[in-house]
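Written below as structure tokens is the structure these notes are about.
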Amino acid sequence: MSAVGLTLWRTISREIPVSSLSLGTISTKSSSLRRSLQPHSTWLRCSQPLLYGIGPKLRLAPFATASKWRAKVPLEPEQVPLLPENATSHPLEFKRESPATIKQIFGLKIDPKRGNSILEKLQRQRVAGTIDEGIPNVDESALHQGLEWLRTNYPLDEDAAIILRLEREEAQQSQALIDRAVELGIYAPKDAEEPSGSQVQTGLQKPVVYIPQQDPERNRVLGHSYIEQRRKENMAAREAKEAAKKAEQEAAEAEAIRTGVPIPTAETKALARREKVAEKKEMWQEYVRSAYEPKGQEWPKMTVLQRLWPSAVFTATIFGLSVLFAIYYTPPPKKARIWPDVPPAAATVLVLIGMNVLVYLAWHVVPLQRGLFRYFINVPGYPSAFAILGNTFSHQNLGHLATNMLVMWLFGTRLHDDIGRGPFLATYIACGALSSFGSLTAHVLTSAFRTGALGASGGLMGVMAAWCVVNMNTTISVWFLPDEWTKHISTLAFLAVLIGGDFLFMRKGTLVSPHKNVDYMSHVFGAFSGIAAGVFINKKLDLKREKPAIKDNKKKTIALVR
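With my numbering applied, the sequence shown corresponds to residues 3 to 564, in that order.
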């Protein structure tokens, strides 16, 4: 690259007299020379003239700091800097300097070997036009000292070197773009024309690229373009769609004028959507209503016997199977149990609680409500035999479910420990079925056909009553009552309070329950069924439990709430 600069400078010195040089400018009369200098004018930008003075000895401008190594102002074609004429040695011919010279340049902070290495790297960067890259691990002050010495002893037009470097990079980028365009098939270059004799190239210049003739109508390069074809197809499709939409709109306007019906607007469309949503909601409500109401306006006309006998047969069957299960049930060995480490009472009660929770969750799935209304709620107007048992596992309210399951855990585990799994399950199932049938009978006799009953309260009342009868010689300890009071609260007294409260709330014209939707009739039937079950268990199953001594007449105390 330095040889190119020297060639350019010598050409100028031969063809241009010294008197034609002005401060910082070079004018040429030769068109070929002007063309050879043309590529350099678009890259270099300087803030001051590069040449100071006119004469046989031209000196370079003082080199700027590192932030000004790249020129900023574009030069005219005549202002391209060249190598100085007084360059006595080739720029690449750098010779290692003596230790004294290195000491004179850098001082004592850099040893001779490292100093020569720095000078050699700086000289290479000056020639390659990459002086702005610097040298790693070298102080800026040392770089400036080395550059000042090199500029004095190895004169070189650094700006011209930078220009050549930028032109080389531009040529590489341009060629890469051309290669990419050829690869994509959007550009087909032809061989460049041979330059005429007057167009002699000197130095490093940009490659001459042939630009194909353009189509004046389409203003694009000739040749098939898939991108252009796809664009035209998309435009044609869009225009066809717009034309169809316009034709449809015109037809709608004509129809509106003929019939007098206005064209639907955004407001009318929104209103139609709301009406459609309301219609769907009404259909859904009708679906839910049909799940528990008869198809007609009235309940089916049936006699009392027709309404009760299927449920009576089902209740008797459940009662008989429960008695047989209580008598012949044999508990499995511990290794055969699913949860051998869980106490049998806790495992049994937890399974019952889980069944009630599953039915509660099923009530919140609307597609399942039709079957739930048919088989898991006791409706006198349209009775179902299976609902006698299914409603004892059914809850629609979370508070109702939580209250019943708490009572089942408190009393169910104790009764299970006293009588075993078989009698406990038989008591819960039989009392639940009997309480449901009793409630159904009462509502049918009073023609309360639209009354629905569900919940485990009837079976739980039977469990509490059976536990009180089985433990009739014990007292109940409640945590919020004084210890002196627990000596006089027996299980039978507790049972009497429960049954008396139900009878009290069932009376009309007296006290009103805070919960008017409580099925007290089911509670009463469940309690009496539990009493019968407790008596049967005490006499027939010969329970093995500790009985109080008659002499001291002391009673055992059981904590109701721990």
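Backbone N, C-alpha and C define an ideal beta-carbon position, used for all residues, glycine too. For clarity, every value in this text was computed on a predicted model and none was experimentally measured.
So the candidates are 158, 232, 369, 445; which of them puts its Cα closest to the Cα of residue 286?
Proximity to residue 286 across 158, 232, 369, 445 peaks at 369, based on C-alpha coordinates.
Using the Cα positions of residue 313 and residue 376, report the straight-line distance between them to the nearest angstrom.
In a straight line, the C-alpha of residue 313 is about 14 Å away from that of residue 376.
Using 8 Å as the threshold, is the C-beta distance between residue 435 and residue 391 below it?
Remark: C-beta atoms of residue 435 and residue 391 approach each other more closely than 8 Å.
Going by C-alpha distance, which of 184, 407, 379, 525 is nearest residue 453?
Residue 453 has its Cα closest to that of 379, out of 184, 407, 379, 525.
Since residue 540 and residue 472 are thought to touch, with beta carbons under 8 Å apart, how far apart are those beta carbons, to the nearest angstrom?
Confirmed, Cβ separation roughly 6 Å.
Contact set for residue 68: own chain, Cβ-Cβ below 6 Å, skip 5 residues either direction
Low per-residue confidence applies at residue 68: pLDDT is 39, beneath 50, and the placement is therefore not dependable, though the value from the model is reported in the following sentence. Correct list: empty, nothing qualifies.
Which same chain residues, not among the five before or five after residue 362, have their C-beta less than 7 Å away from its C-beta?
Cβ-Cβ distances below 7 Å link residue 362 to 397, 403 in the same chain, with the five nearest sequence neighbours on each side left out; the list follows chain order.
Thinking C-beta only, is residue 394 closer than 8 Å to residue 322?
Contact: no.
Would you mind sorting residue 112 into buried or exposed? The rule is 16 or more other CB atoms within 10 Å of its CB.
With 16 or more neighbouring CB atoms inside 10 Å of its own CB, residue 112 falls in the buried class.
When you compare only the Cα positions, how much space is there between residue 438 and residue 335?
Across the structure, residue 438 and residue 335 are spaced so that their CA atoms are roughly 34 Å apart.
Distance, residue 442 Cα to residue 337 Cα:
Going from the Cα of residue 337 to the Cα of residue 442 covers about 43 Å.
Boundaries (first-last residue) of the beta strand (DSSP E) holding residue 478
Here the beta strand (DSSP E) through residue 478 covers 476-479.
The alpha helix (DSSP H) spanning residue 452 covers which residue range?
Counting along the chain, residue 452 falls outside any alpha helix (DSSP H), and DSSP gives it neither H nor E.
Report all residues from its chain with a CB closer than 8 Å to the CB of residue 135; omit the five preceding and five following residues, and keep chain order.
127.
Name the one or two DSSP bridge partners that residue 540 has.
Residue 540 pairs with nothing; no bridge assigned.
Indicate the three-state DSSP secondary structure (helix, strand or coil) for residue 492 in the structure shown.
It is a strand residue.
Is it buried or exposed, residue 187, if we count other Cβ atoms within 10 angstroms and call 16 or more buried?
By the C-beta density criterion, residue 187 is exposed, having fewer than 16 other C-beta atoms within 10 angstroms.
With DSSP as the reference, label residue 399 as helix, strand or coil.
Three-state DSSP puts residue 399 in coil, outside helix and strand.
Identify whether residue 380 lies in helix, strand or coil by the three-state DSSP scheme.
Strand at residue 380.
Nearest candidate by alpha-carbon position, reference residue 431, set 445, 457, 449
Measuring C-alpha to C-alpha distances from residue 431 to each of 445, 457, 449 identifies 457 as the nearest.
Where residue 227 falls: helix, strand or coil (DSSP):
Here residue 227 carries a coil assignment [DSSP, helix/strand/coil].
Buried/exposed call for residue 357, threshold 16 Cβ in 10 Å:
Exposed, since its Cβ has fewer than 16 Cβ neighbours within 10 Å.
If you check the beta carbons only, do residue 333 and residue 423 fall under 8 Å apart?
In contact: residue 333 and residue 423 (Cβ atoms closer than 8 Å).
So, residue 529 versus residue 455, is the Cβ gap smaller than 8 Å?
The beta carbons of residue 529 and residue 455 sit no closer together than 8 Å.
Pop quiz: residue 418 and residue 317 are said to be a contact at Cβ under 8 Å. What is the actual Cβ separation, rounded to whole angstroms?
The pair is not a contact, with the Cβ atoms about 24 Å apart (cut-off 8 Å).
For residue 526 versus residue 507, is the C-beta spacing smaller than 8 Å?
Result no, Cβ atoms of residue 526 and residue 507 do not sit closer than 8 Å.
Determine the extent of the alpha helix (DSSP H) in which residue 165 is found, giving its start and end residues.
Where residue 165 is concerned, the enclosing alpha helix (DSSP H) starts and stops at 160-186.
DSSP state of residue 340 mapped onto helix, strand, coil
Here DSSP, grouped into helix, strand and coil, assigns residue 340 to coil.
Tell me which residue opens and which closes the alpha helix (DSSP H) that residue 461 is part of.
For residue 461, the uninterrupted alpha helix (DSSP H) segment begins and ends at 459-472.
Who are the Cβ neighbours of residue 104 in its own chain at under 6 Å, not counting the five residues just before and after it?
Closer than 6 Å at Cβ, skipping near neighbours: 114, 117.
Residue 312 - containing alpha helix (DSSP H), residue span
First-last of the alpha helix (DSSP H) with residue 312: 306-330.
Assigned exposure category for residue 531 - 16 Cβ within 10 Å defines buried
Of the other Cβ atoms in all chains shown, 16 or more fall within 10 Å of the Cβ of residue 531; this residue is therefore buried.
Within the region 90-133, ranges of the alpha helix (DSSP H) (whole runs, at least 4 residues):
For the region 90-133, whole alpha helix (DSSP H) runs of length 4 or above, ordered along the chain, are 101-108, 114-130.
Coarse secondary structure for residue 392, derived from DSSP in three states
Residue 392 falls in the helix class under three-state DSSP.
Alpha carbon to alpha carbon, how far is residue 538 from residue 405? Give it in angstroms, no decimals.
Rounded to the nearest whole angstrom, the C-alpha separation of residue 405 and residue 538 is 28 Å.
Buried or exposed for residue 156, going by 16 or more other Cβ atoms inside 10 Å?
With a threshold of 16 other beta carbon atoms within 10 Å, residue 156 meets it and is buried.
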